[in-house]
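Novice: One line per chain: the protein sequences are E and X, in this order.
Under our numbering, the residue at position 27 of the first sequence is numbered 27, and the numbers go up by one with no gaps.
For any residue, its number in our numbering is found by taking its place in the second sequence, counting from 1, and adding 387.
Glycine residues also receive a C-beta, built at the ideal position from the N, C-alpha and C atoms.
Protein chains: 2
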Amino acid sequence: MSTRVLRHIGELTTNDPTQGDQSAMGRILNAAMVLDEHEVLWTGPDAKAPAADEMIDVAHCAVVPGFVDSHTHLVFAGERSDEFEARMAGRPYDGGGILRTVASTRKASAEQLREATSKRSHELRLGGVTTLEVKSGYELTLDGEARLVGLAREVTAEVTFLGAHVVPEEFGHDREGYVQLVAGAMLEACTSEAKWADVFCDRGAFDVDEARLVLTSARRAGLGVRLHANQLADIGAISLGVELDAASVDHCTHVSDADLEALGASRTVATLLPGAEFSTRSPYPSARRFLDAGVCVALASDCNPGTSYVTSMGLVIALAVREMGMTPDEALYAATRGGAMALRRDDIGRLSPGSRADVVVLDAPRSAHLAYRPGAPLVRETLLSAP
Amino acid sequence: MSTRVLRHIGELTTNDPTQGDQSAMGRILNAAMVLDEHEVLWTGPDAKAPAADEMIDVAHCAVVPGFVDSHTHLVFAGERSDEFEARMAGRPYDGGGILRTVASTRKASAEQLREATSKRSHELRLGGVTTLEVKSGYELTLDGEARLVGLAREVTAEVTFLGAHVVPEEFGHDREGYVQLVAGAMLEACTSEAKWADVFCDRGAFDVDEARLVLTSARRAGLGVRLHANQLADIGAISLGVELDAASVDHCTHVSDADLEALGASRTVATLLPGAEFSTRSPYPSARRFLDAGVCVALASDCNPGTSYVTSMGLVIALAVREMGMTPDEALYAATRGGAMALRRDDIGRLSPGSRADVVVLDAPRSAHLAYRPGAPLVRETLLSAP
Numbered sequence: 001m002s003t004r005v006l007r008h009i010g011e012l013t014t015n016d017p018t019q020g021d022q023s024a025m026g027r028i029l030n031a032a033m034v035l036d037e038h039e040v041l042w043t044g045p046d047a048k049a050p051a052a053d054e055m056i057d058v059a060h061c062a063v064v065p066g067f068v069d070s071h072t073h074l075v076f077a078g079e080r081s082d083e084f085e086a087r088m089a090g091r092p093y094d095g096g097g098i099l100r101t102v103a104s105t106r107k108a109s110a111e112q113l114r115e116a117t118s119k120r121s122h123e124l125r126l127g128g129v130t131t132l133e134v135k136s137g138y139e140l141t142l143d144g145e146a147r148l149v150g151l152a153r154e155v156t157a158e159v160t161f162l163g164a165h166v167v168p169e170e171f172g173h174d175r176e177g178y179v180q181l182v183a184g185a186m187l188e189a190c191t192s193e194a195k196w197a198d199v200f201c202d203r204g205a206f207d208v209d210e211a212r213l214v215l216t217s218a219r220r221a222g223l224g225v226r227l228h229a230n231q232l233a234d235i236g237a238i239s240l241g242v243e244l245d246a247a248s249v250d251h252c253t254h255v256s257d258a259d260l261e262a263l264g265a266s267r268t269v270a271t272l273l274p275g276a277e278f279s280t281r282s283p284y285p286s287a288r289r290f291l292d293a294g295v296c297v298a299l300a301s302d303c304n305p306g307t308s309y310v311t312s313m314g315l316v317i318a319l320a321v322r323e324m325g326m327t328p329d330e331a332l333y334a335a336t337r338g339g340a341m342a343l344r345r346d347d348i349g350r351l352s353p354g355s356r357a358d359v360v361v362l363d364a365p366r367s368a369h370l371a372y373r374p375g376a377p378l379v380r381e382t383l384l385s386a387p
Numbered sequence: 388m389s390t391r392v393l394r395h396i397g398e399l400t401t402n403d404p405t406q407g408d409q410s411a412m413g414r415i416l417n418a419a420m421v422l423d424e425h426e427v428l429w430t431g432p433d434a435k436a437p438a439a440d441e442m443i444d445v446a447h448c449a450v451v452p453g454f455v456d457s458h459t460h461l462v463f464a465g466e467r468s469d470e471f472e473a474r475m476a477g478r479p480y481d482g483g484g485i486l487r488t489v490a491s492t493r494k495a496s497a498e499q500l501r502e503a504t505s506k507r508s509h510e511l512r513l514g515g516v517t518t519l520e521v522k523s524g525y526e527l528t529l530d531g532e533a534r535l536v537g538l539a540r541e542v543t544a545e546v547t548f549l550g551a552h553v554v555p556e557e558f559g560h561d562r563e564g565y566v567q568l569v570a571g572a573m574l575e576a577c578t579s580e581a582k583w584a585d586v587f588c589d590r591g592a593f594d595v596d597e598a599r600l601v602l603t604s605a606r607r608a609g610l611g612v613r614l615h616a617n618q619l620a621d622i623g624a625i626s627l628g629v630e631l632d633a634a635s636v637d638h639c640t641h642v643s644d645a646d647l648e649a650l651g652a653s654r655t656v657a658t659l660l661p662g663a664e665f666s667t668r669s670p671y672p673s674a675r676r677f678l679d680a681g682v683c684v685a686l687a688s689d690c691n692p693g694t695s696y697v698t699s700m701g702l703v704i705a706l707a708v709r710e711m712g713m714t715p716d717e718a719l720y721a722a723t724r725g726g727a728m729a730l731r732r733d734d735i736g737r738l739s740p741g742s743r744a745d746v747v748v749l750d751a752p753r754s755a756h757l758a759y760r761p762g763a764p765l766v767r768e769t770l771l772s773a774p
């Protein structure tokens, strides 16, 4: 097993409070780090750097843990820029556009979907994402959803079954029948490849009782649970998430004080998706409210063709700082360690002995540049641990 | 002279209303374009594409004119991310930070400044900028400003003398003396390399009378004029710009109806800089008000280390759509043809016979993706005409 030492790290963010300045960011200035193909072996001051088989001089750049994008809808065909244009000209978004993507995804071959997904996952990677979650949800048939979780499994282990994305047209007069299918045979067809189940629990999508039915079935089948909660309206989805010990409740655009209190007392992460508010011109939730209530916050891209065609975690961080009241450090933490917590992973989202060797070298002296230089190509190099 | 033909252009934006759909965007679907090293020779439907020495198949991508970034402060040393962090935590921006950059720029060697400027201009280029304006303004001494316009001239012909950026510390008790220096000997030392003069005409910077003095001297010396107008407060800078037939008034965060009427009746362009509002968390001006008043609008990056460390015109376009009420087409036009008008250039910002061969091939089927996919690396290739 060969080892590498990164030398002359201007600012190392470990997200490990036992390291460096002992803050939540565990920050070490003038640092070094030793890795092998799989994991971090050592971090500390550059002056004490041990020898290794290979030396990489990062020339005083900042180094951060690879981004964990814990919420994407990466497997789809087609695009909906015309819908985006209409919305920007003033028509409100009601979520109805998902069925357009369902129609184009159903028509696409596996090879077409594989190519499109791979292109988007490559874009995320270029922007420093080293772990990503990918949802199904654009076929909404038994075979189709099984196909999508299989395709998602080709790019990540964090695969989420989202049969309960919307009710497909053919079940327009039989919601209950569709929910039964999702919670029964469709779920069963997806459990071998999926690790998670998710429900779009919102106005115009699935209500709390429907979501509870699907997610409890999923839990019985051995999947972890997460949900789209209160993006469009407060329908009680966040408290359902806490009730079910969901790993994460996502969006949370509408949140009550009672929700915040319940979240703060739980281990459920609130995953904020500012790309969605940006792309739908909706009011941003205040991340400050969550942080002040002691809630663990994650940031993710929500990459999807309707409401957040975003593949840049750098932009997500910048938006969270500009629009949601986070500091650059809080946003970086949420995009790394927060994402890891939203996936209930302890081996990623940090850089300390035993964590995976998923590392981003920034073309900047401080990680605050991710928010200070929005849109800039700041990811100089991404090191990815061997599988 | 060898010729190239771009074939299979999914959507060609020419910004020439005599072409294609005869709209302001002059859009041609399924298009082709013939170029030589210097200029566009032909545009039209792909089915009628003439032969050329070389064929480039753009595989149904969208093609747009290269972006014209008509407002940058590219030549500086140092960074101010700590100031950005403080501001995001709630301290208001008063413009005082410029003097920090003056101090670090004065200390930097020509080689250091050359390298830093070249890195930033490379980032702009990667993002599709084919013409950029660069201002001085970070030395504020006779020799220093002459040095900066010389360095700017190494990366562009569109060089702007901005001695009237702020009053330097050594003239703290002699504003009038500094204005006389700028309008006299300092201007004289910069006229050989500069094409434009600019004044930061705003609260806390220079007032309208001071700006008039500097800009009328500059005009007598043969320079074109432009100005930073009403970013922080309405002090009458926009009407001064119209009075002086300035090529552009920039920022215009604060604008009255009378200003809009005057601009609409003039040939002065309003250059909006949403990166500055983003990075200072200030309210965005409404581009709609300008457009509805018949004002020609440009969009630019304002790249500078204090209030808009932005090098992505794609992000500028996305922000203008999300925050300023522009359609994706209006924003694209402003970032190309609008920028050209702000530099009083007719050879750039469009793609039609006789224009320069400055072309951006997007990794997208429609140019609306620039706003629909904020932060994505959409510039697939940039063709730049030979000097």
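Thinking Val5 of chain E and Ala32 of chain E are a contact (beta carbons under 8 angstroms), I'd like their distance in whole angstroms, please.
Specialist: Taking the first residue of the first sequence as position 1, residue 5 of chain E is located at position 5. Taking the first residue of the first sequence as position 1, residue 32 of chain E is located at position 32. 6 angstroms between Cβ atoms; contact.
Novice: Nearest by alpha-carbon distance to Asp363 of chain E: which of E:Arg356, E:Tyr372, E:Ser355, E:Ala357 is it?
Specialist: Translated into positions along the first sequence, residue 363 of chain E becomes position 363. Comparing Cα-Cα distances from Asp363 of chain E to each of E:Arg356, E:Tyr372, E:Ser355, E:Ala357, the minimum goes to E:Tyr372.
Novice: Show which residues of chain E have a CB atom less than 7 angstroms away from the CB atom of Tyr759 of chain X.
Specialist: On the second sequence, position 372 is the one that residue 759 of chain X refers to. Ordered by position in chain E, the residues that pass the 7 angstroms Cβ test against Tyr759 of chain X are Ser81, Phe84, Tyr309.
Novice: Beta-carbon within less than 6 angstroms of Asp444 of chain X's beta-carbon, same chain only, minus the 5 sequence neighbours each way: which residues are those?
Specialist: As a first step, residue 444 of chain X is located in the second sequence; it is residue number 57 there, counting from the start. Answer for Asp444 of chain X: Arg394, His395, listed in chain order.
Novice: Go through its chain and collect everything with a Cβ distance to Glu381 of chain E's Cβ below 6 angstroms, but skip five positions before and after it.
Specialist: Numbered from 1 along the first sequence, position 381 holds the residue referred to as residue 381 of chain E. Taken in chain order, the residues that qualify are Val361.
Novice: Below 7 angstroms on C-beta distance, what does Val708 of chain X contact in chain B?
Specialist: The question asks about chain B, but that chain is absent: this structure's protein chains are E and X.
Novice: I need the boundaries of the alpha helix (DSSP H) containing Val58 of chain E, first residue and last residue.
Specialist: Here the question's residue 58 of chain E lines up with position 58 in the first sequence. Counting along the chain, Val58 of chain E falls outside any alpha helix (DSSP H), and DSSP gives it neither H nor E.
Novice: Anything in chain E within Cβ reach of Phe665 of chain X, meaning under 7 angstroms, just list it in chain order.
Specialist: Here residue 665 of chain X corresponds to residue number 278 of the second sequence, with the count starting at 1. Here the neighbours are Arg322, Pro374.
Novice: Verify whether the separation of the beta carbon atoms of Arg562 of chain X and Val554 of chain X is less than 7 angstroms.
Specialist: Here the question's residue 562 of chain X lines up with position 175 in the second sequence. Here the question's residue 554 of chain X lines up with position 167 in the second sequence. Taking 7 angstroms as the Cβ cut-off, Arg562 of chain X and Val554 of chain X qualify as a contacting pair.
Novice: Taking the alpha-carbon of Ser673 of chain X as reference, which of X:Asn691, X:Val708, X:Thr694 has the nearest alpha-carbon?
Specialist: Your numbering for residue 673 of chain X matches position 286 in the second sequence. Considering only alpha carbons, the answer is X:Val708.
Novice: What residue from E:Tyr284, E:Thr14, E:Glu133, E:Gly264 has the CA that sits closest to Phe161 of chain E's CA?
Specialist: Counted from its first residue, the first sequence places residue 161 of chain E at position 161. Nearest of E:Tyr284, E:Thr14, E:Glu133, E:Gly264 to Phe161 of chain E, Cα basis: E:Glu133.
Novice: Taking contact to mean at least 3 C-beta pairs separated by less than 8 angstroms, is the segment 317-331 of chain E in contact with the segment 341-361 of chain E?
Specialist: no
Novice: Please report the Cβ distance between Thr43 of chain E and Met25 of chain E, rounded to the nearest whole angstrom; I am assuming they are in contact, meaning their Cβ atoms lie under 8 angstroms.
Specialist: Here the question's residue 43 of chain E lines up with position 43 in the first sequence. Here the question's residue 25 of chain E lines up with position 25 in the first sequence. Not quite, the Cβ-Cβ distance comes to about 13 angstroms (not below 8 angstroms), so this is no contact.
Novice: Exposed or buried, Ser23 of chain E, counting other C-beta atoms within 10 Å across all chains shown (16 or more means buried)?
Specialist: Working through the first sequence from its first residue, we reach residue 23 of chain E at position 23. Under this definition Ser23 of chain E is an exposed residue.
Novice: Can you tell me whether Ala620 of chain X is buried or exposed? The criterion is at least 16 other CB atoms within 10 Å of its CB, across all chains shown.
Specialist: The residue you call residue 620 of chain X lines up with position 233 of the second sequence. So Ala620 of chain X counts as exposed.
Novice: Does chain X have any CB closer than 7 angstroms to the CB of Pro328 of chain E?
Specialist: For the purposes of this step, residue 328 of chain E is taken as the residue at position 328 of the first sequence. By this cut-off, Pro328 of chain E is an interface position.
Novice: Which chain E residues are close to Gly701 of chain X, counting only those with a beta carbon under 9 angstroms from its beta carbon?
Specialist: One-based indexing of the second sequence puts residue 701 of chain X at position 314. Near Gly701 of chain X (Cβ distances below 9 angstroms), the residues of chain E are Gly375.
Novice: Quick check on Ala89 of chain E: does DSSP put it in helix, strand or coil?
Specialist: As a first step, residue 89 of chain E must be located in the first sequence, where it is residue number 89. Coil, per DSSP.
Novice: Any C-beta of chain X sitting closer than 7 angstroms to the C-beta of Ala116 of chain E?
Specialist: By 1-based counting over the first sequence, the position of residue 116 of chain E is 116. No, no contact with chain X.
Novice: Please list, in chain order, the chain X residues whose beta carbon lies closer than 8 angstroms to that of Arg281 of chain E.
Specialist: For the purposes of this step, residue 281 of chain E is taken as residue 281 along the first sequence, with counting starting at 1. Those are Arg709, listed as they occur along chain X.
Novice: Which whole runs of the alpha helix (DSSP H) in the segment 535-594 of chain X are 4 residues long or more, in chain order?
Specialist: DSSP assignment within the segment 535-594 of chain X yields the following whole alpha helix (DSSP H) runs of 4 residues or more, N-terminal first: 562-568, 574-577.
Novice: Output, in chain order, the set of chain X residues within a Cβ distance shorter than 9 angstroms of Leu126 of chain E.
Specialist: Here residue 126 of chain E refers to the residue found at position 126 when the first sequence is read from its first residue. The contacting residues are Pro764.
Novice: Closest Cβ-Cβ distance between Ala368 of chain E and chain X: below 7 angstroms?
Specialist: For the purposes of this step, residue 368 of chain E is identified with residue 368 of the first sequence, where counting begins at 1. The beta carbon of Ala368 of chain E sits closer than 7 angstroms to some beta carbon of chain X.
Novice: With 16 as the cutoff for other CB atoms within 10 Å, does Gly741 of chain X come out buried or exposed?
Specialist: Here residue 741 of chain X refers to the residue found at position 354 when the second sequence is read from its first residue. It is exposed - the Cβ of Gly741 of chain X has fewer than 16 other Cβ atoms within 10 Å.
Novice: Going by C-alpha to C-alpha distance, which of X:Asp745, X:Ala763, X:Tyr565 sits closest to Leu771 of chain X?
Specialist: Stepping through the second sequence from its first residue, residue 771 of chain X is reached at position 384. The candidate whose alpha carbon is nearest that of Leu771 of chain X is X:Asp745.
Novice: Tell me Gly611 of chain X's beta-bridge partners as DSSP assigns them.
Specialist: By one-based count along the second sequence, residue 611 of chain X stands at place 224. Gly611 of chain X is bridged by DSSP to X:Trp583.
Novice: Under 8 angstroms Cβ-Cβ, which residues of chain X neighbour Glu123 of chain E?
Specialist: If you number the first sequence from 1, residue 123 of chain E lands on position 123. Correct list: Ala763, Pro764.
Novice: Please report the residue range of the beta strand (DSSP E) in which Gly44 of chain E lies.
Specialist: The residue labelled residue 44 of chain E in the question sits at position 44 within the first sequence. Unbroken beta strand (DSSP E) run through Gly44 of chain E: 40-45.
Novice: Using a Cβ-Cβ cut-off of 6 angstroms (strictly less than) and excluding sequence neighbours within five positions of Arg27 of chain E, which residues of its own chain qualify?
Specialist: Within the first sequence, numbered from 1, the residue matching residue 27 of chain E stands at position 27. For Arg27 of chain E, where only same-chain residues beyond five positions count, the Cβ hits under 6 angstroms are Thr13, Gly20, Asp21.
Novice: Quick check: the segment 97-106 of chain E against the segment 118-127 of chain E, are at least 3 beta-carbon pairs closer than 8 angstroms?
Specialist: no
Novice: Which residues in the same chain have their Cβ closer than 8 angstroms to the Cβ of Val310 of chain E, if we skip the five residues on either side of it in sequence?
Specialist: Working through the first sequence from its first residue, we reach residue 310 of chain E at position 310. Hits under 8 angstroms: Gly275, Phe278, Ser279, Ser301, Asp302, Cys303, Val316.
Novice: Among all the DSSP beta bridges, which residues are the ones paired with Met420 of chain X?
Specialist: What you label residue 420 of chain X is simply residue 33 of the second sequence in a count that begins at 1. In the DSSP output, where bridge partners are listed per residue, Met420 of chain X has X:Leu393, X:Thr430.
Novice: By the three-class DSSP mapping on this structure, what secondary structure does Leu394 of chain E have?
Specialist: Residue 394 of chain E falls outside the range modelled here, since chain E spans only 1 to 387, and no answer is possible.
Novice: For Ser217 of chain E, name the three-state secondary structure that DSSP assigns.
Specialist: Along the first sequence, read from residue 1 onward, the residue named residue 217 of chain E stands at position 217. If DSSP states are grouped into helix, strand and coil, Ser217 of chain E belongs with the helices.
Novice: Whose C-beta lies closer than 8 angstroms to the C-beta of Leu678 of chain X among residues of the same chain, with five residues either side of it excluded?
Specialist: Locating residue 678 of chain X in the second sequence gives position 291, counting from the first residue. So the qualifying residues of the chain are Val684, Met713, Glu717.
Novice: Taking only runs that begin and end inside the segment 658-701 of chain X, name each unbroken beta strand (DSSP E) of 3 or more residues, in chain order.
Specialist: Fully enclosed beta strand (DSSP E) runs of 3 or longer: 684-686.
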